[in-house]
Structures are given as structure tokens and as C-alpha cells.
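> Chains A and B, in that order, are what the protein sequence lines are. So for the first sequence, this note's numbering puts the first residue at 1; every next one is plus one. So for the second sequence, this note's numbering puts the first residue at 1001; every next one is plus one. Glycine residues also receive a C-beta, built at the ideal position from the N, C-alpha and C atoms. All of these numbers come straight from a predicted model, not from anything done at the bench. I'd like to ask you about the structure that follows.
2 protein chains.
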Amino acid sequence: MANEKTTLNDVARKMGISKMTVSRAINHPEKVNHKTLDRILKTMKELDYKPKFVARVLAGRDSKTIGFFIKPNRDFVIPPFYGECVKGATDWLKILDYKTLLFNASEKNSKLLFLDYMNSGLIDGAVVFEGSYDEELLATFKNNNIPAVLVGEKISGPFKIPTISTDNYSGSRKAVTHLIESGARQIVHLTGKGTKPSYRERIKGYTDVLEENGLSPRIIKTENTIEGGMRGMEILQESAGDFDALFCFSDLVAWGALKKCYDLSISVPGEIKIIGFDNISISQYMSPSLSTISQNMKEMARHAAGMLIQIISGKRPERNEITLDPELIIRESTQYPL
Amino acid sequence: MANEKTTLNDVARKMGISKMTVSRAINHPEKVNHKTLDRILKTMKELDYKPKFVARVLAGRDSKTIGFFIKPNRDFVIPPFYGECVKGATDWLKILDYKTLLFNASEKNSKLLFLDYMNSGLIDGAVVFEGSYDEELLATFKNNNIPAVLVGEKISGPFKIPTISTDNYSGSRKAVTHLIESGARQIVHLTGKGTKPSYRERIKGYTDVLEENGLSPRIIKTENTIEGGMRGMEILQESAGDFDALFCFSDLVAWGALKKCYDLSISVPGEIKIIGFDNISISQYMSPSLSTISQNMKEMARHAAGMLIQIISGKRPERNEITLDPELIIRESTQYPL
DNA sequence: TTGTAGGCGTTATCAT
DNA sequence: ATGATAACGCCTACAA
């Protein structure tokens, strides 16, 4: 059924009119006689006509499609941190009549496909989600004038594109302040390896608050993964020095720490309190449920979508860097023991 | 830099030759004079020429692209179950020189985009992953002769496409047998709501093994989510009847049950043993780590990719239904208490 | 309001 | 080995 595809011409011929009229019926219906319009629409239905995307794009139309760059982890799970944000941005773009396509930032092939699509006009711009950008990608964007925004992280290198991110310093302060208020005095920070701006900012917030409270910092670098969190706890166990609280760079790291505590029969929050960062969806289901810092995904998504559309339509966005204040979420892992 | 896009014609003109020769240099280099070929390649580099996908497709070329249908959960995390499978299939298709595009099965818009792409020749076929198909989608595939395979589930309705799935009956038997061997006698099965074949098959395996061992079944229906698992445990708590083990439909459900046990201070595996199904990546990091049934993702992926390519190239696949035997993974949640 | 001509960038086909 | 022509399906610009 409907295997040989119907074209504009088929519709036109069947009606004995020019294909231009049919085309207009689709793109500028107001410029077509009401009666013919009705007949055209009916015939299109009859013939199951669907415009061909490629032809329209080749003829110069905007594709109204945005590519999202995400970096699935080794199991192809989109990192939970920005899942909600991806969805939010999709929804916003939908309202603006834009479609969305997902690209895997860790796959060379996927990047190439994106460029192919961009080059062909099949895509109008890109939203890059935290963790999935690298200098090469940014350079490509710059060199080819590809409209793009980055969500969830600031840019440290030379190739800047507009960013929407969280106030890491503020979030960090909130987390550490909360730990202190919960009675913690020896607070360790598990941070990530590497040089992302978010690492630095959270470290600064952490050390500042400790300093203001006459406490001394202790920072352990580890991978930003569940495994990394477990490893962090191991390192702490093996080294000298007590601690009664952990401020983890991410909820994933916190999960690893939590898991290690379980393995070692260390009670959380009884013996040590743990707080994460991100408020990933599953953090509420951890045992104990995880206190954390919640980034305002919906807001980030809205800004990302808005800025990108501005750029695509040729306007320079008003701001090049949007920063949102995150929120403290208190759950079991930092409560006073009952 | 390179903003006005270079076309085949630009390259040809600059060299004073026909664009056909340039086109041939790309698609049939062996039919082009060695010397001109070299010059052409050089000029293409100089002008930073990149073929336009849309034009090639419009001219009738295969796009060599496959669409994947996935159903992210509410946080847009791809369900961990088939993450590895998605990646595996991508890798296989890459070897066959096929590109991969992701579509969100829960987004109406994304489905429409897929059809648009398919209709335009931008995509050659689809791999549908478990949980992300519905009758409407299958009907569309059938009606439009869209090459497609389904991974992870069999099809119960009228619109069949080839499937690659796990032997749920066998997996279920393995899980329940293991629980019995671990000393459990009152084993409850938490299954999903609805009528998927996998539900039925696992229930059958469960009841058969119990029967063979003179034990009586007890089945609770709940949502196939973490919340559902928690709810399942609640129901069990509120109702009469002891139980010493839980066979959960999925690892997510098992996680919910685990969480509820934590909340209620029920020791796992001390008081009750819990086993899941899927071996999602995070199950090893649960507290306690989760025993489960592991589906052979890599195999499933290989078969899926292979079958689809067969279908696309016009051959009927030899088998319409491939079933793979899963494996028992023993972790802490079903161990004898120490 | 409708139609005609030409072009978007590529490729297949048939010549040369 | 290379080139001319037409075609893929649609749209813009102009003409009627």
C-alpha cells in the first residue's frame, strides 16, 4: 500500500492543475482559492501524499531541526543529570515548531553524521549538553559558523559559544553549609579529575565556607562515576584522618560512596553524612535517599532553546553566559540520626 | 571560513572539467584517470568540498542510515536494559557502513520525524527496542513496507515484524530455581501490568518451577518501575502471608523492593532474598548488589543488525524469531546470610 | 488566483 | 576516460 511514493506532481496531474498550486496549498494556503484548496487537500489525502523532506531542504527551506549532543555513558544511558533538561529543551523547541535529533558525542561517526546533516541543511543548530563537548567540536562549530549553545558547563578553552549553566559556587556553598548545620565538622570533598570550570567553582565554594567556619578542607580527586565514588571512600579508609561528612561532586559519586559505606557497614547518616550534586532522578531511591543540590533543569532548558533560536535567526543573543542558582534538597543522607 | 558551501560544480569549474567527472571521482574512482583523480581530490580539499547528503539522497542514493526507536523514561534516561544492546547494534551497523539515528518512541513528534525521514529516503530501516513499540507503530511499518526488526520482546498483536528476544521462560526458571536452591520456600513474583508476552512467559516459568517443587505461587502485579517495586513491597506488607523471597520482573522493580526493605529495616538477603531480571548496569552497585538474569545483549545486537540489513537488501530473513538463552548472575541479594 | 521557468546539488544514462 | 542531459521533488520569482 502506497509504496511508490506520491509526489507533488502526481497530485497536480490528477487534478489537472499545476504543481505550483499544490505546493502553494501547502506553504501559503491563504494564496489559494478556497475551493481549489479544499480539493487539493482532499486529493492529497486520497493519494496519501507526503512532502519529501530532502527535496524541500534542497530547495532551500529551513529544516527546523535541532541536533542535541549527548554523551551516553558506557551503557548508553544518558547521564541522568541532564535528562530532564534534554526533555525540557525538546518541549520548548517543539513549541517553536522545531524538531529534535539526538547525536552521540562519544561516537566519531555520530559527530560526522551531524556535520553531514548540518552541511546539507538538514539541521539548523546544536545544543551541546555538559560532558559531551570537546575543543574539537567547539572549533568545528566556530569554523563553520554553526549555531550552538552549551548547557550545564562553562567553557574554559578558546572556542566560546553561549552557555547556560548552574552557579556552582553558590550550590557548593549551600551543600557545605548544610553539612555544617547538620553537625558535621570534618568535611571531605570528592571532586573530579580534570579541569572543568565546574570542578574549580565547587572547590572554591567548599573551601570558602570551611574557612569561614574555621574548618580545614580535604579534597580527594576521583573519577566522576559510581566507581569513582567507591574508590574515593577506599582512599579515605586507607589514609589517616577522621571525617564525618562527604560533599561529592555528583550524585553518581555520592552513590558510589554510599555503596562503599554499605559494604563497610558504615552507617549513613549515623557515622558520616553524604551530600551529592545534580539531583538525578534516582537519588531519591538510594538507600538512604540522597541529599543533593538541584540544578534548575527546566529553566536551563528554556534558556537554551531560546538562545539557540535567537542565534539561528541571526540575532546576537543578549547574554553570552547565563547562570542559574541551584537549590538544596534535603533527604535522609544528611539528617540527624534518629 | 567556508561559509558559502562548495558544490560539485565549484570544484569542476575551478578545474575546467565537468562536474560528472568530479562526481565519479567520489563514487567510482576506478573509472577516473589516475592523474585527474589526484588533482580532483586535491581541489576538493582546497575548496573544503563536502557532498550534500540531501542532494545525493534526492538523486536516488541509499542513505545507509538506520533509525533506532528507544523509549526513554520520564527523565530521558534510556532504560538501562538495552543500552548495551543499542551500542552493540550501532557498532555492528558501523561495520556494515551504516549510520545510526536515535528516535524517541514516546514523542509523537519524533515518530513523525522518523516517518518524514523514511519517506524522504533519509533512513533505510528501523530497529525498535523493547518497550518502545505499539500497534500503531508496527502498523505503520507494515503499511509502508518499512524494513524493521524488534529487539527484546515478542509481538502479540497482528502486525508482526522479525523479533530478537530472550528466552523468558528459561530465564525465569533459572531465577526461581536459584531462589529455591538458596533456601527460599515462599517465593513471590512481582510482575508487570499489561499483556506483554514476556510477562506471561516469565510467569509460566515461575509457576512451573514452583509446581515441580511442590510450592505454591503468589503473583503481584505492579508497575514496571522503581516506584512499582516499592508499591509491590507495600502491598505484600499490608496483606497476610509470609514470604522469604521475591522474583521481580525487572531490576528496576527489584530496586524498588530493595529500597522499601531498607526503609522498613528488612534485611536482604537475611530475611528475604531478591532477584531481578535484565542485569542493568547499576544492579551491581545496589545495596546489596542484585542477583539477576542477564540477557545476552551483544548477541541480540548482532542478530538485530544482521537481520535488518538482510531485509533492507530485499532478502527475507531465514528466521522470523530469534530467541537467546539468558544467564543467571548471582550477587549478594540472594546469598545465604553470613 | 494560477502557471511557467529555473534552480537547489547530486547521480544515472547514454554519448563521445 | 570524460562530458552532456535529464531527473530526483520541491520552492522562489516572475509572468499571465
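Please confirm if residue 99 of chain A has its CB atom under 7 Å from at least one CB of chain B.
The sequence position of residue 99 of chain A within the first sequence is 99, counting from 1. Yes, residue 99 of chain A lies at the interface with chain B (some Cβ there is under 7 Å from its Cβ).
> So, is the C-beta of residue 274 of chain A closer than 7 Å to a C-beta in chain B?
Indexing the first sequence from 1 puts residue 274 of chain A at position 274. Cβ-Cβ to chain B under 7 Å: no for residue 274 of chain A.
> Would you say residue 1193 of chain B reaches chain A, if we count a Cβ-Cβ gap shorter than 7 Å as a contact?
Locating residue 1193 of chain B in the second sequence gives position 193, counting from the first residue. Closer than 7 Å: no.
> Would you list the one or two residues that DSSP bridges to residue 248 of chain A?
Here residue 248 of chain A corresponds to residue number 248 of the first sequence, with the count starting at 1. A:190.
> Going by alpha carbons, who is nearest to residue 212 of chain A out of A:199, A:221, A:233 and A:185?
As a working note, residue 212 of chain A is residue 212 in the first sequence. Looking at the Cα atoms, A:185 is the closest of the given residues.
> Tell whether a beta-carbon distance below 7 Å holds between residue 290 of chain A and residue 270 of chain A.
Sequence index remark: in the first sequence, residue 290 of chain A carries index 290 (1-based). Sequence index remark: in the first sequence, residue 270 of chain A carries index 270 (1-based). Their beta carbons are not under 7 Å apart, which means residue 290 of chain A does not touch residue 270 of chain A by this criterion.
> Specify the secondary structure class of residue 1229 of chain B as computed by DSSP and reduced to three states.
As a position in the second sequence, residue 1229 of chain B is number 229, starting the count at 1. Looking at residue 1229 of chain B - three-state DSSP - the assignment turns out to be helix.
> Quick one: list the residues of chain B neighbouring residue 54 of chain A, beta-carbon separation under 7 Å, in chain order.
In the first sequence, residue 54 of chain A corresponds to position 54, counting from 1. Result: 1054, 1057, 1058, 1120, 1121 and 1122.
> Going by DSSP, which residues form a beta bridge with residue 1282 of chain B?
Residue mapping note: residue 1282 of chain B aligns to position 282 of the second sequence, counting from 1. In the DSSP output, where bridge partners are listed per residue, residue 1282 of chain B has none listed.
> On the three-state DSSP scale, how would you describe residue 151 of chain A?
For this step, residue 151 of chain A is matched to residue 151 along the first sequence. Correct three-state label for residue 151 of chain A: strand.
> Below 8 Å CB to CB, which residues in the same chain sit around residue 163 of chain A once its five sequence neighbours on both sides are set aside?
In the first sequence, counting from the first residue as 1, residue 163 of chain A sits at position 163. 149, 150, 151, 153, 154, 155, 320, 321 and 322, listed in sequence order.
> List the residues that DSSP assigns as beta-bridge partners of residue 218 of chain A.
Here residue 218 of chain A refers to the residue found at position 218 when the first sequence is read from its first residue. Residue 218 of chain A pairs with A:188.
> What is the DSSP secondary structure of residue 268 of chain A, counted as helix, strand or coil?
Working through the first sequence from its first residue, we reach residue 268 of chain A at position 268. Coil at residue 268 of chain A, not helix or strand.
> Does the structure place the region 102 to 120 of chain A close enough to the region 35 to 46 of chain A that three or more beta carbon pairs sit under 8 Å?
Result no; under three Cβ-Cβ pairs closer than 8 Å.
> Is residue 1147 of chain B buried or exposed, if buried means 16 or more other CB atoms sit within 10 Å of its CB?
Numbered from its first residue, the second sequence carries residue 1147 of chain B at position 147. Looking at its Cβ environment, which holds 16 or more other Cβ atoms inside 10 Å, residue 1147 of chain B is buried.
> Check residue 1304 of chain B in the structure and name its three-state DSSP category.
Position 304 of the second sequence, counting from 1, holds the residue named residue 1304 of chain B. In the structure shown, residue 1304 of chain B sits in a helix (DSSP, three-state: H, G or I).
> Assign residue 1295 of chain B to one of two classes, buried (16 or more other C-beta atoms within 10 Å of its C-beta) or exposed (fewer than that).
Within the second sequence, numbered from 1, the residue matching residue 1295 of chain B stands at position 295. Buried: at least 16 other Cβ atoms inside 10 Å.
> With a CB to CB cut of under 8 Å and the five nearest residues on each side skipped, what residues in its chain are close to residue 1023 of chain B?
Position 23 of the second sequence, counted from the start, is the residue given in the question as residue 1023 of chain B. 1008.
> In terms of alpha-carbon separation, which member of A:248, A:127 and A:297 lies closest to residue 83 of chain A?
For the purposes of this step, residue 83 of chain A is identified with residue 83 of the first sequence, where counting begins at 1. The shortest Cα separation from residue 83 of chain A among A:248, A:127 and A:297 belongs to A:297.
> Leaving out five residues on either side along the sequence, give the residues of the same chain with a beta carbon under 7 Å from the beta carbon of residue 1285 of chain B.
Counted from its first residue, the second sequence places residue 1285 of chain B at position 285. So no residue of the chain qualifies.
> What do you reckon, are the CB atoms on residue 1189 of chain B and residue 1206 of chain B nearer than 7 Å?
To locate residue 1189 of chain B, count along the second sequence from 1; it is residue 189. To locate residue 1206 of chain B, count along the second sequence from 1; it is residue 206. Yes.
> Given 8 Å as the limit, is there contact between the region 218 to 227 of chain A and the region 235 to 252 of chain A, that is, 3 or more CB pairs closer than that?
As far as the Cβ criterion goes, the region 218 to 227 of chain A touches the region 235 to 252 of chain A, which means the pair count is three or higher.
> Residues of chain B with CB under 8 Å from residue 255 of chain A, in chain order?
For this step, residue 255 of chain A is matched to residue 255 along the first sequence. Those are 1285, listed as they occur along chain B.
> Identify every residue that forms a DSSP beta bridge with residue 1101 of chain B.
Here residue 1101 of chain B corresponds to residue number 101 of the second sequence, with the count starting at 1. Residue 1101 of chain B pairs with B:1067.
> In angstroms with no decimal places, state the Cα-to-Cα distance between residue 1333 of chain B and residue 1250 of chain B.
For this step, residue 1333 of chain B is matched to residue 333 along the second sequence. For this step, residue 1250 of chain B is matched to residue 250 along the second sequence. Approximately 14 Å between the Cα atoms of the pair.
> For residue 50 of chain A, return the contacting residues in chain B, with the cut-off set at a CB-CB distance below 7 Å.
The residue given as residue 50 of chain A occupies position 50 in the first sequence. Chain B residues near residue 50 of chain A: 1119.
> With DSSP collapsed to three states, give me the class of residue 243 of chain A.
As a working note, residue 243 of chain A is residue 243 in the first sequence. Three-state DSSP puts residue 243 of chain A in coil, outside helix and strand.
> For the beta strand (DSSP E) that residue 1273 of chain B lies in, which residues bound it at each end?
Your numbering for residue 1273 of chain B matches position 273 in the second sequence. Taken as a continuous stretch (DSSP letters only), the beta strand (DSSP E) holding residue 1273 of chain B covers 1273 to 1275.
> So does residue 1096 of chain B have its beta carbon nearer than 6 Å to some heavy atom of the ligand ZN?
With respect to small molecules bound, the structure shown includes none, and the ligand ZN cannot be examined in it.
> Can you tell me which of the three DSSP states residue 1290 of chain B falls into?
Sequence index remark: in the second sequence, residue 1290 of chain B carries index 290 (1-based). Residue 1290 of chain B falls in the coil class under three-state DSSP.
> Quick check: what's the CA-CA separation for residue 1049 of chain B versus residue 1030 of chain B?
Taking the first residue of the second sequence as 1, we reach residue 1049 of chain B at position 49. Taking the first residue of the second sequence as 1, we reach residue 1030 of chain B at position 30. Straight-line Cα distance between these residues: approximately 20 Å.
> Applying the criterion that 16 or more other CB atoms from any shown protein chain within 10 Å of the CB defines a buried residue, is residue 1193 of chain B buried or exposed?
Translated into the one-based positions of the second sequence, residue 1193 of chain B becomes position 193. It counts as exposed.
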